[in-house]
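My numbering numbers the first residue of the sequence shown as 19 and each following residue consecutively. Cβ atoms here follow ideal geometry from the backbone N, Cα and C, with glycine treated the same way. It should be emphasised that the depicted structure is a prediction, and the values quoted were computed from it without experimental measurement.
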Amino acid sequence: MTKEFEPVRSLPALTGTYSNRQLELAQVLDWYSEDIAAGKPTLVSVLGPQGIGKSTFALAACLRIAGDLPDVQLYCDAHGSDPEARLSAGQLVVRLLGLLGMAEKDIPADDDGRFAEFRSRLSQRRVLLLLDDINDVEQVRPLLFPSSSLVVVVTSRRTLESLQINDFRSLKLDKFTAEAAGELLGKVAGQVVRHEQFAVVNEICEGLPIALSIVAVRLRDPDYTPEEYVDEFLGGRSLELLELDGKRPVIRIFDLMYDELDETEAKAYELLGLAPGPDFGVGVAAAVLGEPVAAVKRTLDRLAKGFVLERTGKRRYRYHSLIREHAKEKLLKAWGAAEREAAVSRAVEWYWRLEVSLDRSLSGRPDPVPARSHYAAIPPAFTGDNAALDAAPVFALEWSNLVAAAKAVTKLPSHELTVLFPLALWYFGYQTGRVDEVIEAYEGALGLVAGPPAEWQFCRDLAGLHEKAREYDTADSYIARALAAEYPPGLASAYEWYGLAQEGRGEPVKAVELFLEARKAVPLMDLPDEHERAYALLDMHAGRVQFKLQASGEAHSWASATYEYFRRCEGENANKAQSGALLGRIRRDLGQPADEVVALFVPALEAFVALQMWEKAAELADELFPLTGDVSYQARAEEYRAKLTGE
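In structure tokens:
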């Protein structure tokens, strides 16, 4: 047998600590088995961002396959992440021919001749080829040839979608799970890391294997205790602390990624780190960049295909936390303070318009007094009977970003929205129990509020939030401040919330008295069109308290009138559901047929679920089980409680 047909095995050994990706490895091996049975080559692209462990995983998978392929096992690093060292297909084939034993002087001078020589030497052999760090499909295609005994595995930090034309299957490597991160940390650190320390480290590293590996080594540093290292890690210098032997490999790979971006992509990479919140959609990205939505969408898609950004949903993106830190460092070097403030201001204003449009769709309450002119200028996001049901999931999706925007605006100099921004968070936050974040936003703006209408609005809203949080003494103190603001149009609402706080603390008689005081003050409201709604709300509250006082007959008349009112109204889904649930409970107590009660409970439950009012949904599901005998309501009640507690 000639030398060129002797076995060739150039796969490197798997060194260091490897935490198995068992599911992904099983997938590649399954594909290999399927292709053998079908008599076709196995072609796999392993994709993912820098530092995710593509090379290590691909090598581990190839070593598992290599036992079946004793003939030719070739490995070549294409240096795709380094523009200065990147190899073309012609340069790759020269290296591969060298690995096959061909002397440099015998290698054809032209690429076509080299590719032909490569294919002829391997066409009758069983071949495993691992091409690491490919940047472009044209580095791969000329090396392919028809053979049922061919296995080609490539790694890339680009999606390389056109490889699918050549029948490549794609495997995207995701970040390590908490379990896998803990396994890696334990293997390398060689010591017990407390759960809270691990949680901090993994939250910042976000399952990025290269970062976790460095942290694990640093936790063994005798000059640090784990507590000291983790404390420094929390101080916002994460990238600097990911250092080994005087080098910072994470910054290095991020720099290589950044250097490949064109001018438009680099601008987006830098500035979008300023977008408030954990992720962002195309709309706010266009606002931050000051560019058309369609153009920004194309830029974001390119960044996502290069794994610079992660997709979190349709037209939604986020940074890995370490990449975002890197982007902010580039931002500080490339953009001045005024430009950065302008970008944040555009983001905040975009979120303000979004939250007002959602609040107008969701809430039937009067527009907040200090923001009436703003509300009038922004149309609701949705209209019609189901407007609130359509708005609620969008509000939930954007909630963390809206809360972050409320904080971001406080850091802008003298911005009008510093005071106004929390107002549009109130209704959704109250109904869904997200009150802590709204309280923080309100209290941060309260010191800037001046004048009776605005002071009344803020104090009344804060009273409602604290009532929801069952902090009744604090609610009472804010009501006292609202009443002291001497704003007559707000008296009815102030007494209403005062009564709700008394009801919550177990003072139903006093609550009814306050609801009656509120009724007397309704004519003072400065929006006559809102009078009927105000009476309906007070009737609902009075009916609920009378029911608690076991005066079901009297409660029924109050609840019936309220339910009929809200059922006629467009929107008002939350109040329609609450009044329907109340009426159903009263009728159940009065011994009316179960099917009539269920007919009120079921649509109320579905509305609570659609509006993400999980506490009320769980209560109603519990009540539906004995009425219907349907055990699925028990499971649903547990599901809603889990959502309520964030489990």
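Around Glu458, the same chain offers no residue with a beta carbon nearer than 6 Å, after the five sequence neighbours per side are excluded. Contact check for Val169 and Val145: beta-carbon distance about 7 Å, within the 8 Å limit, so the pair qualifies. Going by DSSP, Leu623 is part of the alpha helix (DSSP H) stretching over 612–628. Taking all protein chains in view, the Cβ of Gly589 is crowded by 16 or more other Cβ atoms within 10 Å, so the residue is classified as buried.
Taking all protein chains in view, the Cβ of Ile604 is crowded by 16 or more other Cβ atoms within 10 Å, so the residue is classified as buried. The C-alpha of Trp49 lies about 25 Å from the C-alpha of Gln68. Remark: fewer than three beta-carbon pairs, one from each stretch, lie closer than 8 Å, so the segment 120–128 and the segment 174–185 are not flagged as touching. Beta-bridge partners of Gly85 (DSSP): none assigned. DSSP, read as helix, strand or coil, puts Val26 in strand. The beta carbon of Leu556 sits closer than 7 Å to the beta carbons of Glu514, Phe533, Ala536, Arg537 from its chain, once the five residues preceding and following it are set aside; these are given in chain order. For the pair Gln596 and Gly308, the Cα-to-Cα distance works out to about 43 Å. Here Ser167 is not near Gly57, since their CB atoms are 7 Å or more apart. With respect to Val300, Arg333 sits close: the two C-beta atoms are nearer than 7 Å. Judged by DSSP in its simplified three-state form, Glu221 adopts helix. Assignment of Val172 by DSSP, reduced to helix, strand and coil, places it in the strand class. Residue pairing for Gly299: DSSP places it in a beta bridge opposite Arg334. Using a Cβ distance threshold of 7 Å, Cys94 and Leu162 do not count as a contacting pair. Closest by C-alpha distance to Glu42, out of Ala79, Pro546, Thr60, is Ala79.
Taking all protein chains in view, the Cβ of Lys193 is crowded by 16 or more other Cβ atoms within 10 Å, so the residue is classified as buried.
The beta-bridge partner set that DSSP reports for Tyr93 consists of Leu148.
Around the C-beta of Thr663, fewer than 16 other C-beta atoms lie within 10 Å, and the residue is accordingly described as exposed. Residue range 650–663 is occupied by the alpha helix (DSSP H) that includes Thr663, with no beta strand (DSSP E) assigned at that position. Here the alpha carbons of Ala234 and Gly225 stand approximately 13 Å from one another.
Between Ala405 and Ser379, the gap from beta carbon to beta carbon is short of 7 Å. DSSP, reduced to helix, strand and coil, places Thr60 within a strand of the structure shown. Between Val437 and Leu466, the C-beta gap is smaller than 7 Å, which places the two residues in contact. Spatial neighbours of Val362 in its own chain (CB-CB distance under 7 Å, excluding positions within 5 residues in sequence) are listed in chain order as Leu292, Ala426, Leu430. Asp154 and Ser432 have their C-alpha atoms some 49 Å from each other. Inter-residue distance for Lys72 and Val64 is about 6 Å (C-alpha atoms, whole angstroms). Listed in chain order, the non-local C-beta contacts of Val456 below 7 Å within the same chain comprise Pro440, Leu443, Trp444, Gly447, Leu483, local neighbours out to five positions each way being set aside. Excluding sequence positions up to five before and after Glu473, its CB lies within less than 7 Å of the CB of Val467, Ala503, all in the same chain and listed in chain order. In terms of CA proximity to Leu105, Gln157 leads the group Gln157, Glu373, Ile54. If the five residues before and after Phe251 are omitted, its C-beta is found closer than 8 Å to the C-beta atoms of Val218, Val219, Ile222, Val233, Leu259, all from its own chain and listed in chain order.
Counting only residues of its own chain and dropping the five nearest sequence neighbours on each side, Leu567 has a CB closer than 7 Å to the CB of Pro526. When the alpha-carbon of Ala199 is set against those of Leu189, Asp185, Phe216, the nearest one is in Phe216. In this chain, the beta strand (DSSP E) harbouring Leu189 covers 187–190.
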